[in-house]
Structure formats: C-alpha cells, structure tokens
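Residue numbers (our numbering): 75 to 385.
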Amino acid sequence: MSFKTYVVIVTYNAMPWLDKCLSSIDRTLYKTVVVDNNSKDETTDVIKSKYPHVKLFEEEENLGFGQGNNKGISYALNNGAEHVFLLNQDAYLKGDCLRKLVNLQVENPEYGILSPIHTNAESNKLDRNFAKYVGYDNNNFFYSDFVLGSELKSVYEVPFINAAGWLLSKNCLMNVGGFDPMFFHYGEDENYCQRVSFHKFKIGVVPNVFMVHDREYREKEVFKLFSEKYFYKQDIRMKAFYGNINEYEADRILKYKETVKKQLMIAFLKGKITHARGFKKLLKVIDKVHIEIEKSHHIVKTKFPAYLDLS
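What follows is the structure, given as structure tokens:
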C-alpha cells in the first residue's frame, strides 16, 4: 500500500507511553516510522512483537531528537511521503486529528508546519507550555476568539510551536530541510521554526484538532554557575538566540564575547579565580558556537533539503 502521510516518532525508553502513542495512529491510513535511540528498556521488543507494521530503526547510539527525526523524515520522503507528522513518544493523537491537519495543509500550502492543540495528560487543560506559545504576543486572536465567542479561524499563525506534534509538508522539507545537527536535544525546534520563516513558509495552530502531550510540568531548573549543565544550556541558548537566521548580525555575538571578557578581567582583578576560570571557559563556548552558527547559516540559507539523506 502506498502511503502519502508518514508519522515519525523518535523513542528513548518509551515504555510508559508506547501503547497509547502507537495505538492512536490509524495504521490503515498512515505509515509509522520509529527511530529508537538505543533504548535500555523493552521499547524495541514491544514494537517488534505488538506493532510489526511499524518501520523500526534501532540505533546503536543516541542520535538525539533532531537527527533521529531526520532519519525518519528521510525514509518517509524516499518512500513517497507528501506529508510527515512528527509525534513525540509521550504524545497521542485524538480522533481524526491527522486527517484534518493534512486536508488543511493541502488547502493552505503556505503553512509548512501545522500543529493541533496540545492538551495535558487528562485532556482537561491546555499543555502549559503550549498555552504560552499561542498567547497574545504570538497571536492576539487565538484566546480572544474562543473567549468572546467569535467565529474560529481555520488556522492561527504563530512564530513558534514546539515539535511534539508537527505536520510538515514535503514542499517545506524540500526547501528548508531537516533539523540542524548543531543541536542535540532542545533548541532544534526553535531553530527550525526560524528557518521555516526565513524560507517564507508559515507556522500554524489548528483549532478543534487535538493531541495529548502526556508530560509532567517542571519548574524552570536553576543551574549552578559554571556547572556542566550551565555550559550546556548556554550553548543551546546562544545557538537559538544568536543563530536566528532572520535577525543574524555577526557583531551581536562578538559584543557578548566582549562583555564576557570584561567580566573575566573584573573577576581576576578581584581575586575571584574560580569565576575567572568560568568566564574563560564560557569564552571558549562562545567561540565554538560562533563557528557552528556561521557554518550552519552557510548551509541553511539555500533552498534545499539540508541535513536529509534523500535518494
């Protein structure tokens, strides 16, 4: 059977959600592709025994979220996909969500990404982060139309929506490409939305089409200054912020570097050697990020399926 819409799921120790996730996809209409990032639980065994219709890639190492999805997307496009739906392992589709999204994308090809509404696990509230992404500053009609009883639009344009449930068109993928490998986990969806906008596609949320995002809300983690987690988060933050291809100016990151140099000197003069060493390490991270951003922009400015392995 020839499928026009593929569902791609990247898994890692997905057992708590696996059955709900996979059983929410209509196997008669959509082909499911799972890229497993070397799970240590029974994820792959269960897929092979209970869901033999799923195309399963078992990786020997953790590719990360973006590169795992790139592998699944490449497989889908190489097998004739016109639409690819990225679904988190901890998310489940509700009703005919995917059919409605596909039909709307066919009718509105300018939308390279379409997302359903994300609810919490109990389906009695919006997912907390999703609720922020559709707030007034990102679309001043979304909440107003619901609360004031106005006629709902078919789609609400936003600058960003997280990649827990994205419908990507083939046209978008062939022009924007896949996820940038400079991101391993976190930040890659923000970067991708920036690139989608750069290549003149839109990002939209579709009302009255739902999926469940079964995740626990966590308060924003506070990291100890100059800890390994601190540097990891700084790496992601700088790539997403300074690497925004729509607002990129090389001197922005260079100005930040000069600020950190001054902080290093002040710390050294005050005898705060530990802080001075931390700022010195941060300067190395800035240099690394700057090189990666320049390399990335050289690639992603061109309309072609960057980072995808197409035959």
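Positions of the beta carbon are idealized from the N, C-alpha and C atoms, including for glycine.
Indicate the three-state DSSP secondary structure (helix, strand or coil) for residue i in the structure shown.
i: residue 282; result: strand
i: residue 276; result: strand
i: residue 219; result: helix
i: residue 85; result: strand
i: residue 206; result: helix
i: residue 232; result: coil
i: residue 293; result: coil
i: residue 160; result: strand
i: residue 346; result: coil
i: residue 155; result: coil
For my contact list, residue i and residue j are in at a C-beta cut-off of 8 Å; report their separation, rounded to the angstrom.
i: residue 373; j: residue 331; result: Actually they are not in contact, since the Cβ atoms of residue 373 and residue 331 sit about 23 Å apart, beyond 8 Å.
i: residue 171; j: residue 89; result: No, residue 171 and residue 89 are not in contact; Cβ-Cβ is about 23 Å, not under 8 Å.
i: residue 251; j: residue 379; result: 5 Å
Closest to residue i by C-alpha separation, out of the options, would be which residue?
i: residue 153; options: 218, 80 and 286; result: 80
i: residue 238; options: 77, 83 and 78; result: 83
i: residue 257; options: 278, 323 and 307; result: 307
i: residue 261; options: 138, 176 and 111; result: 138
i: residue 165; options: 143, 104, 94 and 172; result: 94
i: residue 203; options: 236, 90 and 232; result: 236
i: residue 280; options: 174, 115 and 88; result: 174
i: residue 305; options: 157, 357 and 255; result: 357
i: residue 197; options: 155, 156, 283 and 210; result: 283
Mind checking which residues open and close the alpha helix (DSSP H) that includes residue i?
i: residue 147; result: 138-152
i: residue 94; result: 92-97
i: residue 123; result: 117-124
i: residue 172; result: 171-181
i: residue 238; result: No alpha helix (DSSP H) contains residue 238, which DSSP labels as neither H nor E.
Report yes if the CB atom of residue i is closer than 8 Å to the CB atom of residue j, and no otherwise.
i: residue 381; j: residue 275; result: no
What residue range does the beta strand (DSSP E) around residue i cover?
i: residue 199; result: Residue 199 -> no beta strand (DSSP E), and no H or E assigned at all.
i: residue 392; result: No information on residue 392 is available, as it lies outside the stretch 75 to 385 that the chain covers here.
i: residue 315; result: Premise fails: residue 315 lies in the alpha helix (DSSP H), 302-316, not in any beta strand (DSSP E).
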